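In what follows, a structure is listed as structure tokens, so that the remarks can point back to it.
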Amino acid sequence: MGLFSDFVGFVGDVISGVGSFLSEGLSMAVGALTGIAETIGNGIKSLCESVGSEALALIGCIAMSILIPGFGLPEIFAIIECIAQVAKILGVGGEDSPEELGMKTEIADKKPEDFDTIQDYIKYLNEEVKLDKDAVDNLSEVDKAKYGAMGAALNIKAIEEKYDVSLSPDFLRDVTLMKLSSEEVAKCIDKCKESGIDKVQDMTDYLRDKPISSDKDTVSDAMIDTLSEVYPELNKEELEVKLCEMRESLKQE
121 MGLFSDFVGF VGDVISGVGS FLSEGLSMAV GALTGIAETI GNGIKSLCES
171 VGSEALALIG CIAMSILIPG FGLPEIFAII ECIAQVAKIL GVGGEDSPEE
221 LGMKTEIADK KPEDFDTIQD YIKYLNEEVK LDKDAVDNLS EVDKAKYGAM
271 GAALNIKAIE EKYDVSLSPD FLRDVTLMKL SSEEVAKCID KCKESGIDKV
321 QDMTDYLRDK PISSDKDTVS DAMIDTLSEV YPELNKEELE VKLCEMRESL
371 KQE
């Protein structure tokens, strides 16, 4: 049994008073959804229950957190694709698309509990689990979102493990609203690790003038450094203007 399964066991102990994470955690996550998100969430719940893995149920709950209230399928697909590209930039993604990863979790012989890290599990799915050639092309839009969200959740967990940061639904919502590129998001995560910022959401909360757990000057400097690396042609004044534009885009939601 791997290190990830130890973490899942810890989560299971925490909620043991109300039942297993596989049943209670997924039901609670679906209960918070409405509309098309609820339909997708029920599909994720069914997938996780069919596999019977507590660890995959945790991934399923992360997948449901991508189904942000007020977002339709276009926005959900945008988040899924952004996370996939960020994972590749940060060196935790493989050749499979998020949809392929999600589909493979459903048919794989091994479960996340069998691996020390989620990245090891993703590598196993990439290299050893095979799909029919046109499997993804034949999916409905709802099923693409279901499997894509599962694949994105695996990538999120792999990024969190490697970089020791927290990627929250609020952060994912905000970078979507700001229309940040995958490179910008990846740089944000990289700078957070480099600057000792545990919660990447502190960056977007800072732009929203919300209280943050990190030092404000540290967050501000990290954001300017992020933009300067993505846009080396801009001077400091122009970078400050871009930061203000990002702040304004969040106020217009």
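Here the sequence shown is numbered in the working numbering, starting from 121 and rising by one per residue. Glycine is no exception: its CB is placed at the ideal position from the N, C-alpha and C atoms. Bear in mind that the values here come from a model prediction, so they are computed numbers and not experimental data.
| How many Å lie between residue 138 and residue 316 at the Cα? | Because residue 138 sits at a pLDDT of 38, beneath the cut-off of 50, its placement in the model cannot be relied upon, and the point is left open.
| query | With distances taken between CB atoms, is the gap from residue 184 to residue 210 smaller than 9 Å? | reply | Result no, Cβ atoms of residue 184 and residue 210 do not sit closer than 9 Å.
| field | Assigned secondary structure, residue 319 (DSSP; H/G/I helix, E/B strand, else coil) | value | Three-state result, residue 319: strand.
| task | Go through the stretch 154 to 216 residue by residue and report every complete run of the alpha helix (DSSP H) that reaches 4 residues or more, in order. | result | Every alpha helix (DSSP H) stretch that sits fully inside the stretch 154 to 216 and reaches 4 residues is listed by chain position as 155 to 171, 174 to 185, 193 to 209.
| query | Residues bridged to residue 286 by DSSP? | reply | In the DSSP assignment, residue 286 forms a beta bridge with 319.
| Between residue 246 and residue 230, what straight-line distance do the alpha-carbon atoms span, to the nearest angstrom? | If I take the Cα positions, the gap works out to 13 Å.
| task | Consult DSSP for residue 314 and reduce its assignment to one of helix, strand or coil. | result | Taken through DSSP and simplified to helix, strand or coil, residue 314 comes out as helix.
| task | Count the other C-beta atoms from every protein chain shown that fall within 10 angstroms of the C-beta of residue 152, then say buried if there are 16 or more, exposed otherwise. | result | Of the other Cβ atoms in all chains shown, fewer than 16 fall within 10 Å of the Cβ of residue 152; this residue is therefore exposed.
| request: Determine the contact status of residue 179 and residue 292, defining contact as a CB-CB distance below 9 Å. | output: In this structure, residue 292 does not lie closer than 9 Å to residue 179 by Cβ.
| task | Tell whether a beta-carbon distance below 9 Å holds between residue 253 and residue 222. | result | Cβ distance not < 9 Å, so residue 253 and residue 222 don't count as in contact.
| message | Within 8 Å, do at least three Cβ pairs link the stretch 314 to 332 to the stretch 279 to 291? | response | Because the criterion of three Cβ pairs below 8 Å is met, the stretch 279 to 291 and the stretch 314 to 332 touch.
| request: Determine whether the Cβ of residue 334 lies closer than 9 Å to any Cβ atom of chain B. | output: No chain B is part of this structure, which consists of one protein chain only.
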